[in-house]
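In our numbering, the protein residues as written are 6 to 292.
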Ligand code: 13P
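This is the structure in structure tokens:
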């Protein structure tokens, strides 16, 4: 069931759990994530970066594929199709293509410009019944060419953006895309608590979900995080399982070269990662 992310995130906030956003790259990724969400009766958000959208030939292709898979697979749990770290132009393209949710990442603009552009996109999203995520402060590291310095968000700026009527707010709290370096200082719960204090009920988004220890995830949820993004971890599980298959020479046995066989261990591995995250985030049986 393709829906906006609004209701699922408000329920998560009230129920003190988080909904996972898992980024997709192709049909296998999408199928694995949808299968697990349905199996665990969990709401889910499919994240699409601009790079992944381009890779899949465009947002229209992505929206058509997700809509059709949702139908053909008879998915009964709520699924939001969400643009991840969208540019201003990318947001318009996804709205047109039929996404149910967008993120406008204006964090690299001066705050006034971020606010102006976010305000405009909030108006359109609300009119069309879509959910919208905004970002203040920046997520460190690199994701699909989007590079952030990792500054912690200013709680007053968070309040200004939250007051625009966004559905959810991503705020930098020392989180990083990709693997965390050995000398990572951990999430800044002080910043998170100060933001929560300012924005009240606004569902908060934790990017860079890969590799954050379980106790930090739980604490973040207790402080208002209702959506957690995971991308790299599914890529790593896919890569590891695929490497094992090839290194064991399975692709050379019988019809092991068949792409449906070659990609199966990776797809299974993604499923296992998504299962573990849904369990940890507490969204199983909340659909
Ligand atoms: P990771 O790749 O670190 O899991 O981050 C995902 C993310 O935040 C997507 O926006």
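Even glycine gets a Cβ: it sits at the ideal position worked out from N, Cα and C.
| Asked | Found |
| --- | --- |
| heavy atom of the ligand 13P below 7 Å from residue 89 C-beta | yes |
| Residue 27 - DSSP class collapsed to helix/strand/coil | strand |
| Supposed contact pair residue 53 and residue 28 - C-beta distance, whole angstroms, cut 8 Å | 7 Å |
| Whole beta strand (DSSP E) elements within the segment 86-173, 3-residue minimum | 106-109, 136-141, 146-148 and 151-153 |
| When 172, 103, 15 and 160 are compared against residue 109, the one with the closest alpha-carbon | 172 |
| Close-in-space but distant-in-sequence residues of the same chain around residue 3 (CB under 6 Å, 5 per side omitted) | Given a span of 6 to 292 for the chain in the structure shown, any question on residue 3 remains unanswerable. |
| The alpha helix (DSSP H) enclosing residue 14, as first and last residue numbers | 11-20 |
| Euclidean distance between Cα positions of residue 93 and residue 252 | 43 Å |
| Bridge-paired residues (DSSP) for residue 200 | Beta-bridge pairing links residue 200 to no other residue. |
| C-beta contact flag for residue 166 and residue 123 at 8 Å | yes |
| Straight-line Cα distance separating residue 208 from residue 188 | 29 Å |
| Same chain, Cβ closer than 6 Å to residue 230, neighbours up to 5 away in sequence not counted | 23, 209 and 211 |
| Beta-carbon proximity list for residue 148, same chain, < 6 Å, skipping 5 on both sides | 182 |
| From 50, 205 and 257, residue whose alpha carbon lies closest to that of residue 232 | 50 |
| The alpha helix (DSSP H) enclosing residue 71, as first and last residue numbers | 64-77 |
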